[in-house]
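Q: Here's a structure for you.
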Amino acid sequence: MIDSIAALLLSAVAMTAIVGVRYLITSGLFAWLTSRVRPGLYDGLAPQIRSELKWSLLSAAIYGIPAGVVAWGWQAHEWTRIYTAVDAYPLWWLPASFLVYLFLHDTWFYWTHRWMHRRRVFELAHAVHHASRPPTAWAAMSFHPIEALTGAIVIPALVFLVPIHVAVLGLVLLTMTVMGITNHMGWEMFPRWLIHSPLGHHLITASHHQRHHELYRCNYGLYFRFWDHVCGTDRGLSVP
Ligand SMILES: [Zn+2]
Ligand SMILES: [Zn+2]
C-alpha cells in the first residue's frame with residue numbers, strides 16, 4: 001500500500017518535471033529561433049515573458065499530476081486503452097487515432113475556450129492568457145490554474161475511452177506542444193502557399209491564433225478551423 005502511494009507520488013512528480021522541462025526546452029528553442037528569424041520581436045517584453053514563465057511552470061504541475069496518475073495506473077494496473085503491440089488494432093487505426101485525438105481535443109478546446117470568453121469567466125480564468133500582448137513562444141502554457149485544469153484533463157480522459165498506440169500518443173503530445181508554442185510565437189513558420197491553400201483553410205497556425213489574441217471573440221479553435229467555420233466565429237488570418 002505504502003509502496004503504491006510512493007510510486008503514484010513519484011509518477012506525478014516525475015511527470016510534472018517532464019512537462020516543465022519539455023516546456024523550457026521547446027519554448028526556449030522556438031524563442032531562440034525567433035531571435036534569429038525575427039530579431040527584436042520580443043524587445044521590451046522581458047517583464048511579460050517572466051510572467052509567462054511563472055504561469056507556465058505552475059501549469060506544468062497541473063498538467064503533470066493527472067498525467068502522472070494515469071501513467072502510474074497504466075503501468076501498475078493496466079488502466080487505459082493505450083496499447084503497445086502495433087497489430088493490436090488494424091493498421092489504419094494508427095493514423096486514424098491520431099486524427100480522432102486531435103479532433104476530440106480540438107472540440108473540447110473550442111467549447112471550453114468559448115465558455116472562458118464569457119465576461120465573468122474570462123476575468124477569473126482566461127485573462128491571464130490574454131495578458132500576453134502580443135504573446136511570445138513562452139506563452140504556450142501561460143494559463144490561470146482553472147484554464148490549465150480544463151486543458152490538463154483532456155488527454156488523460158481520452159486514453160480511457162479511445163484506444164491509441166503509445167507511439168501515436170507521443171506524436172499527439174508532440175503536436176500539442178509544438179503547435180501550442182508556434183501558434184503564440186508572433187510569426188508564421190509555415191509557407192504562405194500552404195497557409196492559403198485549401199488544406200490551410202482548415203488548419204490553425206500562428207496567423208489564425210494571432211488574430212484571436214488581437215480581436216478576442218473569434219478564432220477559438222486549437223488545431224482545426226472546423227468549429228469556427230460551423231459556428232461562424234472564424235475571422236480569417238492576421239497579416240503574417
Ligand atoms: Zn492563445
Ligand atoms: Zn481566448
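The UniProt record's numbering applies: residue 1 is where the sequence shown begins, and numbers increase by one.
C-beta: ideal position from N, C-alpha, C; glycine also.
(1) Roughly how many angstroms separate the alpha carbons of residue 62 and residue 231, rounded to a whole number?
(2) Quick one, which of 30, 24, 169, 88 has its alpha-carbon nearest residue 187's?
(3) Under a Cβ-count criterion, where at least 16 other Cβ atoms within 10 Å of its own Cβ denotes burial, should residue 143 be classed as buried or exposed?
(4) Can you tell me whether residue 129 sits near ligand 2, meaning its C-beta is under 8 Å from at least one heavy atom of the ligand?
(5) Span of the alpha helix (DSSP H) holding residue 74?
(6) Taking the continuous alpha helix (DSSP H) assigned at residue 148, which residues delimit it?
(7) Is any non-hydrogen atom of ligand 1 found closer than 8 Å to the C-beta of residue 139, if you look at the structure I gave you?
(8) Does DSSP put residue 5 in a helix, a strand or coil?
(9) Which residue marks the beginning of the alpha helix (DSSP H) containing residue 181, and which one marks its end?
(10) How do the region 67-84 and the region 187-207 stand: do at least 3 beta-carbon pairs fall below 8 Å, yes or no?
(11) Would you say residue 103 and residue 151 are within 9 Å of each other, going by their C-beta atoms?
(12) Give me the Cβ distance between residue 190 and residue 106, rounded to the nearest whole Å; I'm assuming they're in contact under 8 Å.
(13) Just the C-alpha distance for residue 221 and residue 210, rounded to the nearest angstrom, thanks.
(14) With three or more beta-carbon pairs closer than 8 Å as the criterion, would you say the region 151-166 touches the region 117-128?
(15) What residue from 234, 38, 5, 48 has the CA that sits closest to residue 138's CA?
(16) Is residue 198 near ligand 1 - that is, is its Cβ less than 8 Å away from at least one heavy atom of it?
(17) From residue 169 to residue 215, what distance separates their C-alpha atoms?
(18) Using a 10 Å radius around the Cβ and a threshold of 16 neighbouring Cβ atoms, would you call residue 237 buried or exposed?
A: In terms of the structure at hand:
(1) 30 Å
(2) 30
(3) buried
(4) yes
(5) 46-77
(6) 145-152
(7) yes
(8) helix
(9) 166-182
(10) no
(11) no
(12) Rounded, the Cβ-Cβ distance is 18 Å, inconsistent with contact.
(13) 12 Å
(14) no
(15) 48
(16) no
(17) 33 Å
(18) buried
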